[in-house]
Amino acid sequence: MLTKRIIPCLDIKDGRVFKGTSFGSLRDAGDPVELARRYYEEGADEIVFLDITATIEEREIIADIVERVSKVIFIPLSVGGGLKSLEDIRMVLLAGADKVSLNTAAVDDPGLVTEAAEAFGRQCIIVAIDAKRRPGGGWEVYTSSGQKATGIDALDWAKKVSTLGAGELMLTSIDADGHRSGYDIELTRAVSQAVTIPVIASGGAGGPQDLYQVLADGKADAALAASIFHYGLYSIGEVKAYLAAQGIPVRLS
Numbered sequence: 010m011l012t013k014r015i016i017p018c019l020d021i022k023d024g025r026v027f028k029g030t031s032f033g034s035l036r037d038a039g040d041p042v043e044l045a046r047r048y049y050e051e052g053a054d055e056i057v058f059l060d061i062t063a064t065i066e067e068r069e070i071i072a073d074i075v076e077r078v079s080k081v082i083f084i085p086l087s088v089g090g091g092l093k094s095l096e097d098i099r100m101v102l103l104a105g106a107d108k109v110s111l112n113t114a115a116v117d118d119p120g121l122v123t124e125a126a127e128a129f130g131r132q133c134i135i136v137a138i139d140a141k142r143r144p145g146g147g148w149e150v151y152t153s154s155g156q157k158a159t160g161i162d163a164l165d166w167a168k169k170v171s172t173l174g175a176g177e178l179m180l181t182s183i184d185a186d187g188h189r190s191g192y193d194i195e196l197t198r199a200v201s202q203a204v205t206i207p208v209i210a211s212g213g214a215g216g217p218q219d220l221y222q223v224l225a226d227g228k229a230d231a232a233l234a235a236s237i238f239h240y241g242l243y244s245i246g247e248v249k250a251y252l253a254a255q256g257i258p259v260r261l262s
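The number in the numbering used here is simply the position in the sequence shown, starting from 1, with 9 added.
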């Protein structure tokens, strides 16, 4: 059985790590290089680095931070935020990233997913889906750091990008993000069962039991978390020990 991955997420703004609630109310969480090093030493399986204001501010991602982080960790590093072209993707891969995450750009130009997969390999391309519950049922895809409704159904979009060439999906519940009340299990399970590529669950981790639930009941292949690690509520080792005790296959240091 494949091991489940535990992935800390570093949301970057102005060169610092921040964490918000439902994509707002940002609070400083520290230096990205120091946090990345700490998580690597604690046993993280991967690190996700998201430049959360690059798209909104219409600027290039901060490649120098990517380069600095890549020099202190020796696990996969995924980078997203503001990537709009093959040239942008090439830049962050050359800076030290192993994978890239496309969100707004993929919605604006779905062909970019295919072009990127063909140019750099499907294993390098993650499509990030930020989804919010619709009052009448289902979930809608949002872009621009959760600020722009697209009218696109999240399940339909997940299926589409999986056929376009995405190697993984990073699925975030906007409703659950930062509230520490658990992931959106229904959303995660629906997407995981709709596609054949790995799904990284994101948004809502409050403790080890939440990661267990999304990996077991939500059928996710990996669980992403931020605030529970950034603010010292739990270490990655503590989370992995709990998951292993519950029968979830994880890589133990």
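Ideal placement from N, C-alpha and C gives every residue a C-beta, glycine not left out. Predicted, not measured: the structure shown is a model, and the values here were computed from it.
Identify the continuous beta strand (DSSP E) that holds residue i and give its terminal residues.
{"i": "Pro17", "result": "14-22"}
{"i": "Gly147", "result": "No beta strand (DSSP E) contains Gly147, which DSSP labels as neither H nor E."}
{"i": "Phe250", "result": "Strictly speaking, residue 250 in this sequence is Ala, with Phe absent from that position. Not the beta strand (DSSP E): Ala250 falls in the alpha helix (DSSP H), residues 245-254."}
{"i": "Leu178", "result": "177-182"}
{"i": "Ala199", "result": "Not the beta strand (DSSP E): Ala199 falls in the alpha helix (DSSP H), residues 194-203."}
{"i": "Ala225", "result": "Looking at the DSSP string, Ala225 is not in any beta strand (DSSP E); the run it does join, the alpha helix (DSSP H), is 217-225."}
{"i": "Ile209", "result": "208-211"}
Does DSSP put residue i in a helix, a strand or coil?
{"i": "Gly153", "result": "One detail in the question is off: residue 153 reads as Ser in this sequence, not Gly. In the structure shown, Ser153 sits in coil (DSSP, three-state: anything other than H, G, I, E or B)."}
{"i": "Glu55", "result": "coil"}
{"i": "Thr159", "result": "strand"}
{"i": "Ile237", "result": "helix"}
{"i": "Ser190", "result": "coil"}
{"i": "Ala185", "result": "coil"}
{"i": "Asp165", "result": "helix"}
{"i": "Ala232", "result": "strand"}
{"i": "Ile257", "result": "coil"}
{"i": "Phe27", "result": "strand"}
{"i": "Arg68", "result": "Only weak support is given to the placement of Arg68: the predicted model assigns it a pLDDT of 45, under 50, and the value that follows is read from those uncertain coordinates. Coil."}
What whole-angstrom Cβ distance do residue i and residue j have, given they're in contact under 8 Å?
{"i": "Ile15", "j": "Asp60", "result": "Incorrect: roughly 22 Å between the Cβ atoms, too far for contact."}
{"i": "Tyr192", "j": "Val223", "result": "4 Å"}
{"i": "Gly105", "j": "Gln132", "result": "Not confirmed; about 16 Å, so no contact."}
{"i": "Tyr49", "j": "Phe27", "result": "20 Å between Cβ atoms; not a contact."}
{"i": "Ile74", "j": "Gly146", "result": "At roughly 40 Å, the Cβ-Cβ gap does not stay under 8 Å, so Ile74 and Gly146 are not in contact."}
{"i": "Ser182", "j": "Ala234", "result": "Contact flag wrong, Cβ pair sits at about 13 Å."}
{"i": "Pro41", "j": "Leu19", "result": "5 Å"}
{"i": "Ala125", "j": "Ile98", "result": "6 Å"}
{"i": "Leu122", "j": "Leu111", "result": "A quick correction: the sequence has Val, not Leu, at residue 122. With a Cβ gap of about 6 Å, Val122 and Leu111 count as contacting."}
Judging by CA-CA distance, which residue of the options is the nearest neighbour of residue i?
{"i": "Ala231", "options": "Pro207, Leu121, Asp20", "result": "Pro207"}
{"i": "Glu43", "options": "Tyr251, Phe238, Ala253", "result": "Phe238"}
{"i": "Ala199", "options": "Lys228, Val122, Tyr240", "result": "Lys228"}
{"i": "Ser153", "options": "Ala253, Ser190, Asp117, Pro17", "result": "Asp117"}
{"i": "Gly91", "options": "Ser79, Arg77, Lys169, Ala72", "result": "Ala72"}
{"i": "Phe58", "options": "Arg47, Gly39, Gly89, Lys80", "result": "Gly89"}
{"i": "Gly216", "options": "Thr205, Gly246, Ser79, Val204", "result": "Gly246"}
{"i": "Ile324", "options": "Arg143, Lys141, Pro144, Ala115", "result": "Lying outside 10 to 262, the shown extent of the chain, residue 324 is not represented and no answer is given."}
{"i": "Lys157", "options": "Arg46, Thr113, Asp219", "result": "Thr113"}
{"i": "Val170", "options": "Val204, Arg77, His188", "result": "Val204"}
{"i": "Ile209", "options": "Lys108, Asp165, Ala137", "result": "Ala137"}
{"i": "Gln255", "options": "Gly52, Asp226, Leu242, Val109", "result": "Asp226"}
{"i": "Asp184", "options": "Gly212, Asp20, Tyr251, Tyr240", "result": "Gly212"}
{"i": "Leu95", "options": "Leu86, Lys80, Gly130, Arg77", "result": "Gly130"}
{"i": "Ala45", "options": "Thr12, Pro85, Arg189", "result": "Pro85"}
{"i": "Asp107", "options": "Glu124, Ser182, Lys93, Lys80", "result": "Lys80"}
{"i": "Lys13", "options": "Gly39, Pro41, Gly52, Leu19", "result": "Gly52"}
{"i": "Leu196", "options": "Leu261, Arg77, Tyr251, Leu164", "result": "Leu164"}
{"i": "Gly120", "options": "Trp166, Tyr221, Leu173", "result": "Leu173"}
{"i": "His188", "options": "Ala214, Arg142, Ser87, Lys168", "result": "Ala214"}
{"i": "Gln202", "options": "Ser190, Asp219, Ser236, Ala167", "result": "Ala167"}
Is there at least one Cβ from chain B nearer than 9 Å to residue i's Cβ?
{"i": "Tyr243", "result": "No chain B appears in the structure shown, which is made up of a single protein chain."}
For the alpha helix (DSSP H) that residue i lies in, which residues bound it at each end?
{"i": "Ser262", "result": "No alpha helix (DSSP H) contains Ser262, which DSSP labels as neither H nor E."}
Can you list, in chain order, the stretches of the alpha helix (DSSP H) that have 4 or more residues and sit fully within the region 71-152? Taking only runs of at least 4 residues, the alpha helix (DSSP H) segments lying wholly in the region 71-152 are 72-79, 95-104, 113-117, 120-129.
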